[in-house]
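Taking our numbering, I'd label the letters of the sequence shown as residues 1 to 279. Quick notes on the structure that follows.
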Amino acid sequence: MKVELPEIPVNYKDDLHNLEYLNEADLILFMAGNQFMVMEELLEAFQKVYPEVKKIFYETLPPGLELKQILAGGARFGDMEIRVMPDVYTAVSEEAMQELMKRGLIEDYFIYLHNRLVLMVPKGNPARIKNLKDLARDDVRISQPGPLEDITRYIVEMYRKAGGEELVHRIMEEKRAEGTTIFTLVHHRETPLRIVKGTVDVGPVWATEVIHAQTQGLPVEMVEVGEELDQRDKVNYYITALTNAPHPENARKFLDFIKSSEAQKIYAKYGFVPHFPTS
């Protein structure tokens, strides 16, 4: 039976890196998309340790799309077919890993990283937002990830922990009806834009997204919500090597490297929460 290949939308072209190495790569990585800002520095450090791994093709697409690619044995991108099996796959959902195990495509996987939620505000924090309860105020306009986004369930859980069902209802229902909670479709693009334009006062985002926006020169800052609320213990990044990896030796090297204090330090610099010791 012919398997229908998933389509990689053309606007994701920047998430396919070193396409010219596709058929002669020494290592193929499918990395969960929101690590894109780390990859250049991470791979440079990796290649210093393993200079023999010269040509690396990697994707920073949504992990669900990368999973479909693995299961179908390829993907279509414009008028080309990308028919490669990755050596290494990372995802933010354990279900993806369990699916691969069920199909005998991997033998094991482990957690290597975490992320955490913070509030993105304009530089100077003009609305004086100090904590999550301030989001219930009438005058505070929130850029709120919509129900279809992965991040949303963590945000709702954070609201629940901070102020119970009352706060969840206030932000997600009442303020939405009042027009002061404005949903997003692609929060990591829309929230920084709205904040810079002044159409909202605050948006819950991953810490990594505030740091990335700042490195892009955007006038934004972060308000920490505190370790007990920021969901860092729930937001896990999983990594695995495929059993039929085309370059099993190099896959093993990459998995070893990702646990190293050097790799974990690089991730921490971009706002991620390390899983392994950094010293």
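We put the beta carbon where it would ideally sit given N, CA and C, even for glycine. Keep in mind that this is a model prediction, so the values were computed, not measured.
Endpoints, the beta strand (DSSP E) within which residue i is located
i: tyrosine 58; result: 56 to 59
i: histidine 114; result: 110 to 114
i: asparagine 236; result: 236 to 241
i: alanine 91; result: 88 to 91
i: glutamine 98; result: Looking at the DSSP string, glutamine 98 is not in any beta strand (DSSP E); the run it does join, the alpha helix (DSSP H), is 94 to 102.
i: isoleucine 142; result: 142 to 145
i: alanine 75; result: 75 to 77
i: glutamate 221; result: 220 to 224
i: proline 122; result: 117 to 122
i: isoleucine 82; result: 80 to 82
i: phenylalanine 30; result: 27 to 30
Supposed close pair residue i, residue j - CB separation, criterion 8 Å
i: valine 202; j: alanine 127; result: 7 Å
i: tyrosine 267; j: leucine 113; result: 6 Å
i: phenylalanine 257; j: alanine 263; result: 5 Å
i: valine 10; j: glycine 78; result: 6 Å
i: tyrosine 50; j: lysine 253; result: 5 Å
i: alanine 75; j: leucine 27; result: Actually they are not in contact, since the Cβ atoms of alanine 75 and leucine 27 sit about 19 Å apart, beyond 8 Å.
i: alanine 213; j: proline 192; result: 5 Å
i: leucine 242; j: methionine 120; result: Actually they do not touch by this definition, with Cβ atoms about 36 Å apart.
i: leucine 105; j: isoleucine 70; result: 7 Å
i: glutamate 221; j: lysine 123; result: 6 Å
i: threonine 180; j: valine 140; result: 7 Å
i: serine 261; j: proline 277; result: 6 Å
i: valine 344; j: asparagine 131; result: The structure shown does not extend to residue 344, since the chain is modelled only from 1 through 279, so no value can be given for it.
Start and end residues, alpha helix (DSSP H) containing residue i
i: leucine 263; result: Note on identity: in this sequence residue 263 is alanine, with leucine being the wrong assignment. Its alpha helix (DSSP H) spans residues 261 to 269.
i: glutamate 4; result: That residue, glutamate 4, is in no alpha helix (DSSP H); it is neither H nor E in DSSP.
i: phenylalanine 46; result: 39 to 49
i: isoleucine 70; result: 63 to 72
i: isoleucine 155; result: 152 to 169
Inter-residue Cα distance where the pair is residue i and residue j
i: valine 88; j: methionine 101; result: 14 Å
i: leucine 117; j: valine 205; result: 6 Å
i: leucine 16; j: asparagine 236; result: 23 Å
i: leucine 185; j: glutamine 144; result: 9 Å
i: glutamate 165; j: histidine 187; result: 23 Å
i: asparagine 244; j: methionine 31; result: 17 Å
i: lysine 197; j: methionine 158; result: 26 Å
i: lysine 161; j: glutamate 107; result: 36 Å
i: alanine 25; j: tyrosine 154; result: 37 Å
i: isoleucine 182; j: glycine 163; result: 20 Å
i: lysine 234; j: asparagine 115; result: 9 Å
i: arginine 170; j: isoleucine 129; result: 16 Å
i: glutamate 190; j: threonine 152; result: 14 Å
i: glycine 73; j: arginine 83; result: 6 Å
i: leucine 67; j: valine 92; result: 11 Å
i: methionine 287; j: leucine 42; result: Any property of residue 287 remains undetermined from this structure, which presents the chain solely from 1 to 279.
i: phenylalanine 110; j: leucine 229; result: 24 Å
i: glutamate 174; j: leucine 167; result: 10 Å
i: glycine 217; j: isoleucine 211; result: 10 Å
i: glutamate 20; j: glutamate 227; result: 43 Å
i: proline 274; j: methionine 97; result: 20 Å
i: serine 279; j: aspartate 138; result: 45 Å
i: glutamate 150; j: glutamine 47; result: Inspection of the sequence shows that residue 150 is occupied by aspartate rather than by glutamate. The alpha-carbon atoms of aspartate 150 and glutamine 47 are separated by roughly 32 Å.
i: glutamate 95; j: glutamate 44; result: 31 Å
i: glycine 64; j: isoleucine 239; result: 14 Å
i: threonine 199; j: methionine 80; result: 40 Å
i: asparagine 23; j: isoleucine 8; result: 18 Å
Proximity test, residue i beta-carbon vs the ligand ATP heavy atom, cut-off 7 Å
i: glycine 163; result: Absence of the ligand ATP from the depicted structure is noted, as is the absence of any ligand whatsoever, leaving it without description.
Please specify which runs of the beta strand (DSSP E), each continuous and at least 3 residues long, are wholly inside the region 174 to 213, giving them in chain order. 181 to 184 and 203 to 206
Tell me, please, whether the region 43 to 57 touches the region 8 to 25 by the rule of three or more beta-carbon pairs shorter than 8 Å. yes
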